[in-house]
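Residue numbers (our numbering), protein chains in the order written: chain L, 19 to 295; chain U, 19 to 295.
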C-alpha cells in the first residue's frame, strides 16, 4: 500500500499513514492541497504536506475549538471564523440556535472548493443562509468588522503561514472587532512538542485581553497530540459554560468543558517555563 | 540522517524518528532490543521495533503509572513491579519514603542489562538495598507472593506478548497477593486508538475488584497518545491522594492526580461503547 509521510517541519516525529487512494491533488496560489482515503481514518485533508483533519477524528478538534467559547457566551449571535475553509468549524458553530450570522474569512477559495467536493462531512453547512463566506485575508477582514460576539481562528500551524494570526497587532484588532463582552479562541499548538509557542501565544494575548486561559484536548493525528487552545475573553469566565448544552456531540459536554482546562498548578508551572519538559 | 520507523502492528499511524546513532542492537530469548540516540528525544529504548521510552518524555509515563497508586495508599511498604526492566518505575516507587521493599519481576534480564549500560537515567536505582530483582514471569511471581500493598504492571503492549498480564486469571492472583487494602495499577492503551482494549481491561478488572477507575495522560511517543491507566483498589478511593505529595516531580502533582481522571460523563460514554469515536 502507498504511504503518506507527513512533512511537519516543527515535529520531532514524522507520522506515516497508509493511503488507499489519492482523491485530489492540486495547487492553489497559497498551498498544495491533497485529499486521500485512508483505511483507518477515512478521508484526510492535507495542506503543504501537513494533515489538517481526518474524517475519523476531526470532531475532537472542531468540537473543542468551537463549543467552549460558544457555551461561555450567554447569547452568541454574530460569529467570525478565520480560516476553517474545510467547513468543520462553521458546522459546529451553527449547532448553536442563538447564532444569526457566521462570517467565514478564508484566504484560499480552493480549500473550500475541494472540501465541498471531497469532504462533505465537514463542508456540510456552506449553503446555510446564516453563513457568509469572504475569500480574504482574515487579519484584514477583522479590521473591517465590529460588534462581533465570538471570533474563532481555525488556521494552519501557528508557526507557519498563519503566523500573522498570532501577532499582538492581530489580537488588538480582534479585540476591537468584538463587542464589550466578546470571546476569542484560537488553537495554540501541542503542549508536548511546542509548549514555547503556546506560552508565547498566552503571553501575547494577556497583553491585549483582561481574561486569558488555556484548555487542551487529545488529538492523535496532530504531532505531539496534547493540543492546546487559547481563549481570551472581555467579560465571561471561559471555564464556566452558561447555556444549555448542545446535545449529540461526540466529545464535548459541560464536564469535558471544565476538565479541558489545566489544573492551575500545572498551568502555572508551564507558564513559568519550569515544567519538566 | 538515518530514520527509525516504528512497527507497531496495532497503530494506524506509524511514527518515524531521526536516529543520530544506534547505541545497542541485540536479541534476547524474548525480543529484539535496540537503543538509539535521537536528536530530539535523547536515548530511546525499542523492543521488537516498538518505542518503549524516550529520555525526553519517559517521566510522563513513569510518574503517572506510579504516583497515583502510591499517593492513594496511606502507607505503601511492599510494592511489586511486573515488567519495568528499564528501571524507570522502580526509580519512581523509591521516591516514597514509606516503601521498604520493591520487588521487580522482569522476564527478560537482557532489558535490565541493556538499560544499566545505556539508559542510566531510568536504570538508576537497581542497587538500592530496598530493591529485589527476580528474573521471572510476572504472572508466576504474583502467585508466590502475599501481603503486598501496591502492585504495578509496567509491561509492553497489552495486545502483544504481555496479554496474559491483562487476563482475569492474572487479576485474581493480583488480588490474592494484595493486602486487604491493596492497590493495583496497569497501563491500558490509548483512548484514541485502542479504546476497546481499555474498555475490556476495565470490565475484566471490575469482575475481580470492588473499586475500578481510569485515568489518562498525554504521551506523545506512544501511538494514539492519550494514554490510559487502569487502577483497581480494595479499599481506598483512587481519585483521592492522601499522603504528602512527593516533591520535585516533572508532571505529577496532586492537582494533576485529580485532573487525570476522566469526568464521569465521558467515562460513562466510553464504557457504554457509545463514545463518538
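Here a beta-carbon is modelled for each residue, glycine too, at the ideal position from N, C-alpha and C.
If you draw a straight line from the C-alpha of residue i to the C-alpha of residue j, how long is it?
| i | j | result |
| --- | --- | --- |
| residue 175 of chain L | residue 191 of chain L | 20 Å |
| residue 36 of chain U | residue 42 of chain L | 30 Å |
| residue 262 of chain L | residue 170 of chain U | 42 Å |
| residue 16 of chain L | residue 78 of chain L | Absent from the structure is residue 16 of chain L, since the part of chain L shown begins at 19 and ends at 295. |
| residue 270 of chain U | residue 159 of chain U | 29 Å |
| residue 274 of chain L | residue 222 of chain L | 26 Å |
| residue 193 of chain L | residue 206 of chain L | 18 Å |
| residue 45 of chain L | residue 51 of chain L | 6 Å |
| residue 68 of chain L | residue 181 of chain L | 16 Å |
| residue 143 of chain U | residue 80 of chain U | 14 Å |
| residue 56 of chain U | residue 73 of chain U | 9 Å |
| residue 283 of chain L | residue 257 of chain L | 16 Å |
| residue 264 of chain L | residue 233 of chain U | 26 Å |
| residue 203 of chain L | residue 209 of chain L | 17 Å |
| residue 183 of chain L | residue 157 of chain L | 7 Å |
| residue 285 of chain L | residue 213 of chain L | 11 Å |
| residue 19 of chain U | residue 29 of chain L | 16 Å |
| residue 195 of chain L | residue 188 of chain L | 11 Å |
| residue 296 of chain L | residue 243 of chain L | Here chain L has residues from 19 to 295 only, and residue 296 of chain L is not among them. |
| residue 149 of chain L | residue 117 of chain L | 10 Å |
| residue 277 of chain U | residue 278 of chain L | 9 Å |
| residue 87 of chain U | residue 40 of chain L | 47 Å |
| residue 178 of chain L | residue 164 of chain U | 57 Å |
| residue 249 of chain U | residue 272 of chain L | 25 Å |
| residue 132 of chain U | residue 65 of chain U | 11 Å |
| residue 211 of chain L | residue 114 of chain U | 30 Å |
I need the DSSP call for residue i, collapsed to helix, strand or coil.
| i | result |
| --- | --- |
| residue 208 of chain U | strand |
| residue 275 of chain U | helix |
| residue 101 of chain L | strand |
| residue 148 of chain L | coil |
| residue 50 of chain L | strand |
| residue 33 of chain U | strand |
| residue 252 of chain L | coil |
| residue 246 of chain L | strand |
| residue 190 of chain U | helix |
| residue 240 of chain U | coil |
| residue 83 of chain L | helix |
| residue 137 of chain U | coil |
| residue 161 of chain L | helix |
| residue 28 of chain U | coil |
| residue 61 of chain L | strand |
| residue 76 of chain L | helix |
Would you please state the rounded distance, in angstroms, between the beta carbons of residue i and residue j? I believe it to be under 8 Å.
| i | j | result |
| --- | --- | --- |
| residue 104 of chain L | residue 49 of chain L | The Cβ separation is near 13 Å, so there is no contact. |
| residue 241 of chain U | residue 89 of chain U | Actually they are not in contact, since the Cβ atoms of residue 241 of chain U and residue 89 of chain U sit about 28 Å apart, beyond 8 Å. |
| residue 155 of chain U | residue 125 of chain U | 5 Å |
| residue 306 of chain U | residue 217 of chain U | Here chain U has residues from 19 to 295 only, and residue 306 of chain U is not among them. |
| residue 95 of chain U | residue 119 of chain U | 7 Å |
| residue 58 of chain L | residue 238 of chain L | Incorrect: roughly 11 Å between the Cβ atoms, too far for contact. |
| residue 268 of chain L | residue 294 of chain U | 2 Å |
Near residue i, which residues of its chain fall below 7 Å by C-beta distance, leaving aside the five closest residues on each side in sequence?
| i | result |
| --- | --- |
| residue 137 of chain U | 53, 61, 63, 104 |
| residue 146 of chain U | 112 |
| residue 225 of chain U | 186 |
| residue 84 of chain U | 107, 110, 111, 170 |
| residue 91 of chain U | 167, 168, 201, 254 |
| residue 31 of chain U | 241 |
| residue 23 of chain U | 32, 34 |
| residue 161 of chain L | 191 |
| residue 127 of chain L | 153 |
Less than 6 Å between C-beta atoms, sequence neighbours within five positions excluded: which residues of the same chain meet that for residue i?
| i | result |
| --- | --- |
| residue 129 of chain L | 103 |
| residue 251 of chain L | 201, 229 |
| residue 151 of chain U | 122 |
| residue 98 of chain L | 121, 166, 169 |
| residue 100 of chain U | 123, 156, 171 |
| residue 25 of chain L | 67 |
| residue 227 of chain U | 250 |
Leaving out five residues before and five after residue i in sequence, what residues of the same chain have Cβ atoms less than 8 Å from its Cβ?
| i | result |
| --- | --- |
| residue 198 of chain U | 252, 253 |
| residue 280 of chain U | 232, 233, 234, 288 |
| residue 246 of chain L | 205, 206, 207, 208, 209, 216, 232, 233, 234 |
Who are the neighbours of residue i on chain C, taking C-beta pairs under 8 Å?
| i | result |
| --- | --- |
| residue 214 of chain L | Among the protein chains of the structure shown, namely L and U, there is no chain C. |
Check distances from the C-beta atoms of the stretch 71-101 of chain U to those of chain L and list, in chain order, the residues that come in under 8 Å. 74, 75, 77, 78
With 8 Å as the limit, tell me which residues of the stretch 25-56 of chain L have their beta carbon closer than that to any beta carbon of chain U; keep them in chain order. 30, 31, 32, 33, 34, 35, 36, 56
For the stretch 252-265 of chain L, which residues have a beta carbon sitting closer than 9 Å to at least one beta carbon of chain U? none
Residues in the stretch 172-194 of chain L with C-beta within 8 Å of chain U's C-beta atoms, listed in sequence order? none
Residues from the stretch 274-285 of chain U in contact with chain L, defined by Cβ distance under 8 Å: 274, 276, 277, 280, 281, 282, 283, 284
May I ask you to list, following chain order, the residues of the stretch 141-162 of chain L that have a beta carbon less than 9 Å from some beta carbon of chain U? none
Beta carbons nearer than 7 Å to chain L: which residues of the stretch 218-237 of chain U have them? 236
Scan the stretch 101-117 of chain L for residues whose Cβ lies nearer than 7 Å to a Cβ of chain U and list them as they occur along the chain. none
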